[in-house]
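Accompanying notes for the structure given below.
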DNA sequence: GATGAATGAGTTTTCATTCAT
DNA sequence: GATGAATGAAAACTCATTCAT
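Protein chains in written order, with the working numbering: chain A, 645 to 852; chain B, 645 to 852; chain C, 645 to 852; chain D, 645 to 852.
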């Protein structure tokens, strides 16, 4: 992709405006939910006229979709990059947990939206979003699964469950702990150490 | 509490009507979300006049809250009963997973709502609901935690993590697998065997 | 008219119920205005079922009309009786002012309604009411006028204006002072002495 | 204050629209009363969309209040100006009666509303209005009272009653005669000559 | 190209009135 | 004859979207 800095001034300006609209929309949507934010409110917060907002996004739905999808892409790219940084499967998982946590911390607003979308709250209203998000999610779960698969092949991991199930499990564990933190950061400070989560997967609860 | 069958006819009739309104509301809310369902729509689906709906529920919010809370109570009662049916900690966990699955299967619609509420999608709009739900959830997590605690004391379980964390982990695992099934039942048929989930917790991924 | 006590029990009972409905309605209407009182509210306050209320009054409008008209009749009867008690014109006027004041004090609630109707606030909504009230008012003004007329004939009064105008003037003076008291009884205590009002009419502001 | 004609076109346009809304609202309110006029009706009559009406007035209450208060101000300004035009107390009173009559003739619609508000028909519903109107009324009564006071001091007027009472009396007289005309202009043509009213006050009914 | 005034469909809610029990 | 549950028309108000300037 062309670097932003290399774009003609006009285009750069456009992108900046789009980002400002995104920022305002994200803040409001994550605080109040899709239906409790009006386009006027977004326009006002972004300091644009309502008409300008509509120049950039066909309608409220499109704005919301773009917001969720672009952020979701950003997250998955970060996660994919994280697991690709090393060849060691255990280290990959550790990087995954660490990066997912970091992304959470830095993007609480968008995470709220993302959860809303991935956790059934969207009710398929914003038609199409569901599928696009699900697809990305699914793809990443396969990436995780293949890590488990190769770990099992290398006898690094015991074959306690299908690699796909292990991937789902790890993702579920992460979400559970991150949700804990999301809801009351002061009560459940997020464990800096990713091994708290990984240990549960790695060590058996029951001695053999 | 008096059995429903023993109630005077008038009361029974009232309850039946209330249930019909609940059913219609649940169906619509779970399909389209709180803001995409109008009270007229609910009344029409329930085959009552709009005024009658308002005789039963002060306003849309109340209806929604009652719907979520009453179902949430039903779930937690079922889960609590399940873990109390046996004294064996492992069996308790097995009952928990089995019951949670069963409840899921039988109440997909309301589960969607419940997820929406427990997973942050409600955006605190429906003030108070959040807290009431969260409280019930928290309480049950503690119930789970105490099972792990006593299991660890009895040396049934290895001490691989704090009991509270183990509870969060198990719940997260269940949710992850159930969400899988919720989204595409045909592709990921829910494992009839609760041990698929429990194994991941019980067996260590890494051999000692 | 047949005396109430001589009526058959059934009829007496009916009248009692009607009075109870009237009392509740009057209290509510005078406190909150026609449109801010619901038939349910009236029924509840009168301790009757809504259906029973409708057995007595065809609809809300009828109830309101009956309320205003019957009370208005009561007032005009009292006023007519007052001016008929003596043959002296000055005493007649004094009795009028005195009685009007007394009626005011004792019927503040209904006075509020009456003012609303006679002072244009009803906006002809309650079609027909206007005219019926106006007619009674008009009739009484003529009664007053005839007092002035005969007073002028007897040379008791100076011929400073048409008798009809004098009647309107006296009524207006009374209303103005009574309104003063109606609005803030503590600030403008109603003059026990009717001569405060009559003096203004009797004595000339400008010396001849 | 800047003259309306000098305002930028946009502002002038705004004012014109507001006036059109006011006109439609005034007409309807005065014909049918606050509760019998819907915002849709007003919008339709003013030939604006309902949303536009709400852009100008936060809600129905605000529209009504603005209508009553702005007109009430206009009236009191006219009356105040009228009594300030001359130094002679008698002439002041004559100007007052004349102006009040003229205002009546020209603003029958708004007078209906004004009467409704000043004569207790508003039932304190439109909270705050009562007081704001009453305050203006009270203030003007004091203005009148001070005219009587200085007239009495100058021995122009006999000291037949307290100045405040004389003010109330004159206002009451005017209202009574104007109400007469308001109700049936054809039957009781308003006396062009303000002295018909003033005479009643000026001349004594009873010879000394 | 940006603006924001204007639009009106759609939503929640109330309440007068009816009528089966 | 009394009751009050059920009805649904109608009201206030919001907000996504358009389009003339």
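The C-beta atom is built at its ideal place from N, Cα and C for all residues, glycine as well.
**Asked** Would DSSP call residue 728 of chain A helix, strand or coil?
**Response** helix
**Asked** According to the Cβ coordinates, are residue 800 of chain C and residue 733 of chain C closer than 7 Å?
**Response** yes
**Asked** Since residue 695 of chain A is in the alpha helix (DSSP H), which residue starts that stretch and which ends it?
**Response** 694–700
**Request:** Kindly indicate if chain C contains any beta-carbon less than 7 Å away from that of residue 764 of chain D.
**Result:** Low local confidence applies: a pLDDT of 43 at residue 764 of chain D is under 50, so the model's placement there is unreliable, with the coordinate-based value given in what follows. So, interface residue.
**Asked** Would you say residue 669 of chain C reaches chain D, if we count a Cβ-Cβ gap shorter than 7 Å as a contact?
**Response** no
**Request:** Reducing DSSP to helix, strand and coil, say where residue 684 of chain C ends up.
**Result:** helix
**Item:** Proximal chain A residues relative to residue 837 of chain B, where beta-carbon distance stays under 8 Å
**Value:** Those within 8 Å of residue 837 of chain B in chain A number zero; the least Cβ separation is about 12 Å.
**Host alpha helix (DSSP H) of residue 671 of chain A (start-end)** = 653–676
**Item:** Meets three-Cβ-pair contact criterion under 8 Å: the segment 801–814 of chain B and the segment 700–714 of chain B
**Value:** no
**Message:** Whole angstroms are fine: how far does the CA of residue 723 of chain B sit from the CA of residue 787 of chain B?
**Reply:** 10 Å
**Asked** Could you give the distance in angstroms between the alpha-carbon of residue 714 of chain C and the alpha-carbon of residue 691 of chain C?
**Response** 22 Å
**Message:** I need the DSSP call for residue 800 of chain A, collapsed to helix, strand or coil.
**Reply:** coil
**Best match in B:745, B:729 and B:753 for proximity to residue 821 of chain B [C-alpha to C-alpha]** = B:745
**Within 7 Å, strictly: CB atoms of residue 737 of chain B and residue 669 of chain B** = no
**Request:** Assign residue 832 of chain D to one of three DSSP states: helix, strand, or coil.
**Result:** coil
**Asked** Helix, strand or coil: which one does DSSP assign to residue 816 of chain D?
**Response** helix
**Enclosing alpha helix (DSSP H) for residue 839 of chain A [first to last residue]** = 839–846
**Asked** Can you round the beta-carbon distance between residue 754 of chain D and residue 674 of chain D to whole angstroms, since I take them to be within the 8 Å contact cut?
**Response** 7 Å
**Prompt:** Would residue 686 of chain A pass as a contact of residue 672 of chain A if the rule is Cβ separation under 7 Å?
**Reply:** yes
**Asked** Which residues, in chain order, does the segment 708–742 of chain C contribute to contact with chain D at a C-beta distance below 7 Å?
**Response** none
**Asked** What are the residues of the segment 817–830 of chain D that lie near chain C, defined by any Cβ-Cβ distance shorter than 9 Å?
**Response** 817, 818, 819, 820, 821, 823, 824, 826, 827 and 828
**Prompt:** Does DSSP classify residue 785 of chain C as helix, strand or coil?
**Reply:** helix
**Contact belief for residue 747 of chain B with residue 719 of chain B at Cβ below 8 Å, rounded distance in angstroms** = 5 Å
**Message:** By the three-class DSSP mapping on this structure, what secondary structure does residue 751 of chain D have?
**Reply:** coil
**Message:** So, for residue 770 of chain D: in the same chain, excluding its five sequence neighbours on each side, which residues have a beta-carbon less than 7 Å away from its beta-carbon?
**Reply:** Per-residue confidence for residue 770 of chain D stands at a pLDDT of 45, beneath the threshold of 50, marking its modelled position as unreliable; the derived number appears in the next sentence. Correct list, in chain order: 705, 708 and 709.
**Message:** Taking the straight line between their C-alpha atoms, what separation do you get for residue 840 of chain A and residue 805 of chain B?
**Reply:** 7 Å
**Prompt:** In its own chain, which residues sit with a C-beta less than 7 Å from the C-beta of residue 794 of chain C, not counting the 5 before and 5 after it?
**Reply:** 733
**Request:** Give the interface partners of residue 778 of chain D over in chain C, defined as CB-CB distance under 8 Å, in chain order.
**Result:** 827
**Pair within 7 Å by beta-carbon distance, residue 848 of chain A and residue 847 of chain B** = yes
**Message:** Which residues in chain D have a C-beta closer than 8 Å to the C-beta of residue 840 of chain C? List them in chain order.
**Reply:** 805 and 809
**Asked** Whose C-beta lies closer than 8 Å to the C-beta of residue 802 of chain B among residues of the same chain, with five residues either side of it excluded?
**Response** 796
**Request:** Starting from the C-beta of residue 743 of chain A, find all residues in its chain whose C-beta is less than 7 Å away, skip the five residues before and the five after it, and write them out in chain order.
**Result:** 722, 723 and 726
**Prompt:** Are any of the Cβ atoms in chain D nearer than 7 Å to that of residue 684 of chain C?
**Reply:** no
**Prompt:** Would DSSP call residue 734 of chain C helix, strand or coil?
**Reply:** helix
**Asked** Does DSSP put residue 850 of chain A in a helix, in a strand, or in coil?
**Response** coil
**Partner residues on chain C for residue 751 of chain D, Cβ-Cβ distance less than 9 Å** = Chain C residues near residue 751 of chain D: none, gap ~13 Å exceeds 9 Å.
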